[in-house]
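In this note's numbering, the protein residues as written are 157 to 486.
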């Protein structure tokens, strides 16, 4: 009898081990380029907390901030291949996969944050998400970097002529490259994690980013002037490897999607709420901030950039964005 009991106990123990192994948590690797002080990390932590809690630990999220797994293009490629499960990057970095999405980055496309949210969360954003699937990505949400502002070491930027001759760091957005070139700057593409050194050593003397990036990357240490140009809206895209997403149970997919939506809503609001605080911090750290920008003059000057986009891609997505945003431009 004792032998039978021992054998039964051993069998049950073995089954328990197998069951435990089968129920082992699935770990999702989440990579983004920003420092841990940035709201992108805050979003990632919120996403992690909600996913792990709602799944009762069946899903785990491991966060890799600060470009630990590569630059933006490398992280996107890694997510497409499945080396990385989830990435958060600027929407402009996905335009190699969905070129038409550059419409969202056209200068002065959006009048305010809510207009951008309306378009990104509506049909135009859904169109981009759908097109990403053929590239092996499941789009989850559009968090924000915010409106791009200009910083430099020469003087305040108030009108288009103030950009003449500036060595301007630019990202890989074709429309913004075209804009700065049109306005007389000398654009140079540099990865964001190399930008501080490039400005410190004088390789470039100007750049444009939303406030959060200026603060979290400490650009105030190597830039003197901040001009509130609001010349372009910078959306982020939270994307997941599509095969990985499809491998989850329907319940787990719902958990991931809800966590992405909740974390995005939180991060967007925090970005808006902290804007004035970030400006004050930058001023306290020695930056000179000017808001007296001739927006109308800039809008008029950049019309050829819009026309160039229309000539290549047509007006369909632009019209869709403006309708969803609740605004129409002349």
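Idealized CB from N, CA, C, for every residue including glycine.
Here the structure is a predicted model, which is why all the values come from computation and not from measurement.
Taking C-beta atoms as the reference points, residue 461 and residue 335 count as a pair closer than 8 Å. Beta-bridge pairing by DSSP links residue 243 to 187, 395. Judged by beta-carbon spacing, residue 332 lies within the 8 Å limit of residue 388, meaning their Cβ atoms are closer than that value. Counting C-beta pairs closer than 8 Å gives three or more between the region 359–372 and the region 181–200, which meets the contact rule. Residue 456 sits exposed, since fewer than 16 C-beta atoms from the chains shown fall within 10 Å of its C-beta.
A residue is called buried once 16 or more other Cβ atoms fall within 10 Å of its Cβ, and residue 329 is buried on that count. The C-beta separation of residue 232 from residue 203 comes to about 18 Å, leaving the pair out of contact by the 8 Å criterion.
Residue pairing for residue 306: DSSP places it in a beta bridge opposite 364, 383.
Excluding its 5 nearest sequence neighbours in each direction, residue 435 has C-beta neighbours in its own chain below 7 Å: 367, 445, listed in chain order.
Fewer than three pairs of CB atoms, one per stretch, sit closer than 8 Å, so the region 404–421 makes no contact with the region 471–482. Between the region 232–247 and the region 355–363 there are fewer than three inter-stretch CB-CB distances shorter than 8 Å, so the stretches are not counted as touching.
Residue 308 holds the alpha-carbon nearest to the alpha-carbon of residue 341 among 467, 352, 308.
Taking each of 353, 429, 381, 181 in turn and checking the Cα distance to residue 373, the smallest one comes out for 353. Cβ contact annotation for residue 191 (same chain, cutoff 6 Å, sequence separation greater than five): 222, 372, in chain order.
The Cβ-Cβ distance between residue 285 and residue 295 falls below 8 Å. Counting along the chain, the unbroken beta strand (DSSP E) around residue 219 starts and ends at 215–220.
In terms of Cβ geometry, residue 182 and residue 225 do not form a close pair [threshold 8 Å]. If you compare the alpha carbons of 397, 319, 305, 378 with that of residue 364, the shortest gap goes to 305. By the 16-neighbour rule on beta-carbons within 10 angstroms, residue 263 is buried. Inter-residue distance for residue 256 and residue 391 is about 14 Å (C-alpha atoms, whole angstroms). By the CB criterion at 8 Å, residue 394 and residue 280 fall outside the cutoff. Taking a C-beta distance under 8 Å as the contact criterion, residue 275 and residue 481 qualify as a contact pair.
By the Cβ neighbour-count rule, residue 343 is buried, with 16 or more other Cβ atoms within 10 Å of its own. Under DSSP, the beta-bridge partners assigned to residue 182 are 215. If you look at residue 325, you'll find it isn't in any alpha helix (DSSP H); it sits in the beta strand (DSSP E) that goes 323–326. Between the C-alpha atoms of residue 258 and residue 271 there is a straight-line separation of about 17 Å. A direct Cα-Cα distance of roughly 6 Å separates residue 220 from residue 186.
Taken atom to atom, the span from the alpha-carbon of residue 313 to that of residue 243 is near 34 Å.
In the DSSP annotation of this structure, the continuous segment of the beta strand (DSSP E) that includes residue 296 starts and ends at 293–297. Just so you know, the alpha carbons of residue 469 and residue 440 end up roughly 44 Å apart. For the pair residue 419 and residue 206, the CB atoms are nearer than the 8 Å cut-off. Residue 341 carries a coil assignment under DSSP once its states are collapsed to helix, strand and coil. If you look at residue 427, you'll find it isn't in any beta strand (DSSP E); it sits in the alpha helix (DSSP H) that goes 406–429.
With fewer than 16 other beta carbons inside 10 angstroms of its own, residue 403 counts as exposed. Secondary structure at residue 445: strand, using DSSP grouped into helix, strand and coil.
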